[in-house]
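FYI, in our numbering the residues of the sequence shown are 216 to 602.
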Amino acid sequence: MIRVNAIAKQLFWLSGFVFLGFTMLNSCNESESETETKKTEKRIKRENAAVDTLGIIRGNSQYQYVGKAGQLVVVSDNTIFTKEIDSLFSIFFGAFIEPYYPAFPKFELRHISPEKFEKGNKRLRSIVELNLDDKLKEGKPELRIKKDMYAKHQIIAEFRANNMNDLLLIIEQESPRLVELFESLEWKREYHRFKKDNNTVLKSALREQFGITLELPKNARYESVKSRFAKITFPDRSRQMDFQSDGGYNSSKANFIQSGLMIWQLPFRDSSQLTHDYLMRARDTILKYNAFHEFPGVYMGTQDHPAVLPVSKQISIGGVNGFEFRGMYKFTGRLEPSGGKFWSFHFLHPKRNMIVAISGYLDAPPTMSPALDMRKIQAAIYSLQLE
């Protein structure tokens, strides 16, 4: 009886040790599992930290971007960049900016191979990469957007899909928002350049005369013609190719791209003034008496040909609601020596009870791309702040 009790006690203690061992082992496993979970959570947090609310992966490159303004580089194999893919890109990214003539697209497309891209300069402004990957699930194509990866203010959109049908589908679905994203970077690059220039002299003049400020090129010139009208001339830019000059007015001016802003204001009476037709009529009246050509009796007016009638839409800039106009202008009167493109914003200044218009103009040869100069005008207008 005594021997049985002793054996029972030994079994009891042995089971206790076994239980304790299992408990310690489970505890260790749980601890290791907990550690792995924390590591995974940290890794995910670290990866997500680089992605903003728009799903853009952020780099931190400070290098200067290179390449032409308004150019979109498509990186893909020739077998992927088919006629169907090319057509989709032309529909969305190559759409013309209305109503300008000669017509120019939002983006000029340039296709290069991955090998050429790897060997070349990766600091291009705007890039789209197209890749097929059989590891991706069919019907689950992906789009990854990267910013500031190889250069500051650079944007890269990478489309990945299992097959061509999936690739075509995601390009068609995502291109509208991508066009807006790429376009916004086009003018914002110039905005950041102007902001760095910080033309305080012109800002002070605008603040005093019109109660506004704009970001402008450092070498821009300010000319106040009257209390309600002023002109800001951007630095002349040499054209991309020279024509033989015969010494006449047109040929002597043909080697320069002239651009800038005109700003005017008129008293606000009632809401009937805030319409497309009224603002365009007011524009022509004001320009007739303020925007003169070097030839006597010649002044700036709006092109009224049906093919290039001004287009407008209501937008908000800097918290200010107003009308954005795009159209063509011409110098008119006893002669019609030249013309060009305009981009303007008209709004009611809430502190001054005045309608203010900021109208950018571009006079350039039809043989060159107006993309850079138009984005500079857009950047200046979109930098509007009330004072």
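Beta carbons are placed, not taken as given, at the ideal position from N, Cα and C, and that holds for glycine.
Here the alpha carbon of residue 286 sits roughly 14 Å from the alpha carbon of residue 583. Residue 282 and residue 308 have their alpha carbons spaced roughly 17 Å apart. Residue pairing of residue 536 in beta bridges, as defined by DSSP: 531. Here the segment 400-419 makes contact with the segment 363-370; the two share three or more CB pairs at distances below 8 Å. Setting aside the 5 residues that flank it on each side, residue 294 has no residue in the same chain whose C-beta is closer than 8 Å to its C-beta. Note that the C-beta distance between residue 347 and residue 378 is below 8 Å. Straight through space, the alpha carbons of residue 451 and residue 375 are spaced by roughly 43 Å. The beta carbons of residue 386 and residue 303 sit closer together than 8 Å.
In this structure, residue 425 sits near residue 571, with a CB-CB distance shorter than 8 Å. DSSP, read as helix, strand or coil, puts residue 295 in coil. Contiguous beta strand (DSSP E) elements confined to the segment 370-427 occur at 370-376, taking only those with 3 or more residues. The segment 538-557 and the segment 508-520 touch, with no fewer than 3 CB-CB distances between them shorter than 8 Å.
Rounded to the nearest whole angstrom, the C-alpha separation of residue 449 and residue 417 is 12 Å. Note on geometry: alpha-carbon atoms of residue 526 and residue 321 lie some 16 Å from one another. Beta-carbon to beta-carbon, residue 345 and residue 296 are separated by about 7 Å, close enough to satisfy the 8 Å threshold. Distance from the CA atom of residue 533 to the CA atom of residue 601, rounded to whole angstroms, is 8 Å. In the displayed model, residue 446 falls within a strand according to three-state DSSP. The C-alpha of residue 415 lies about 31 Å from the C-alpha of residue 395. Between the alpha carbons of residue 529 and residue 506 lies a gap of roughly 26 Å. Secondary structure of residue 304 (DSSP, three-state): helix. One Cα belongs to residue 393, the other to residue 363, and the distance between them is close to 16 Å. Counted as a single uninterrupted DSSP element, the beta strand (DSSP E) harbouring residue 441 occupies residues 436-441. Taking 8 Å as the cut-off, the Cβ atoms of residue 579 and residue 585 count as close.
Residue 541 and residue 313 do touch by the CB rule: their CB atoms are close to 7 Å apart, below 8 Å. Its Cα nearest to that of residue 428, the residue 535 stands out among 535, 576, 577.
Along the segment 316-343, the beta strand (DSSP E) occurs as fully enclosed runs of 3 or more residues at 323-327, listed in sequence order. With a 10 Å radius around the Cβ and a threshold of 16 neighbouring Cβ atoms, residue 517 comes out buried. A Cβ-Cβ separation of about 31 Å leaves residue 342 out of contact with residue 476 under the 8 Å criterion. Counting along the chain, no beta strand (DSSP E) covers residue 491; the unbroken alpha helix (DSSP H) around it starts and ends at 491-505. Within the DSSP secondary-structure output, residue 286 pairs in a beta bridge with 323.
In the three-state DSSP reduction, residue 451 falls in the coil class, being neither helix nor strand. Residue 474 is a Cβ neighbour of residue 576, given a cutoff of 8 Å. Rounded to the nearest whole angstrom, the C-alpha separation of residue 531 and residue 334 is 43 Å. The shortest C-alpha to C-alpha distance from residue 591 to any of 325, 568, 407 is the one to 407. Residue range 586-597 is occupied by the alpha helix (DSSP H) that includes residue 595. Going by C-alpha positions, residue 383 is about 13 Å away from residue 305.
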